[in-house]
Each structure stands twice: as C-alpha cells, then as structure tokens.
Amino acid sequence: LTIDYIRKTVHKPHESSKNADDFLKKITHLSLPEKSIDSIADLSSVKNLTVLYLHHNNLQVIENLCRNECLTHLYLQHNQISKMENLNSIKQLKKLYLGYNCISVIEGLD
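Quick note: the sequence shown uses full-length UniProt numbering, first residue 1, plus one each step.
Put into structure tokens, the structure is as follows:
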C-alpha cells in the first residue's frame, strides 16, 4: 500500500495533483480490503486517517503506521501477519482486529 496507490484510487483524472494531495490530507477512512496488498508504505501524508481497513490482503508485517497519530481503528484480519509489533506508537488506537492471522509473537504493548 503506497501513497501513489491511494492517490490513483481516489484521484479523478481531471484534478490536479495538488488537489489530490489536499484530498489525501482530508481522508479519515480508507477501505482497501481484498486488493492483494502485501506491504504498508509510509502513510504520513494521510494525516487525518482514523480508520484503516486492510483485511483480506497479503500483509505479513504491521509497519509504517507510527506517524498516523489519529488512527483509532485498524482492521488487519485475514492476512498473513505472524508478529504483533509496531503498534505502541499509535497512541489513539482503540480497536485492533487481527483475527485469522498466524500470530505467534506479541511485542510492544507497554
């Protein structure tokens, strides 16, 4: 999952890239289930993201969400995640869905 992928998904061809970047800043909910996504890139330009749906993909690692400080709900069920990590910096996280993964290690839940 990259910013370019999100931009292509939500951007209309007749809009300028500046408008697309402004729109990225306004996104609060992002739903991308069943898209064969295998990694999460830096999503820090989606500053107001509060809910992220990435269930039913091919994710193996929870990564690059530390700058998404507004994130409250994270849907990662039905992926291939084996280690619960990189979540301690998401201070606003209230709901985390990890069912139907292969989790054997839990870390960083201070």
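Note that CB positions come from ideal geometry on N, CA and C, so glycine has one too.
Residue i vs residue j beta-carbon contact at 8 angstroms
i	j	result
Asn58	Gln92	no
Leu65	Leu43	yes
Ile62	Leu24	no
Ile3	Leu30	no
Ile90	Leu76	no
Buried or exposed by the 16-neighbour rule on C-beta atoms within 10 Å, applied to residue i
i	result
Ile106	exposed
His55	buried
Asn68	buried
Asn101	buried
For residue i, the three-state DSSP class (helix, strand or coil)
i	result
Ile106	strand
Tyr5	helix
Beta-bridge pairing of residue i - partner residues as DSSP gives them
i	result
Leu24	DSSP, once it has assigned bridges, lists no residue as partnering Leu24.
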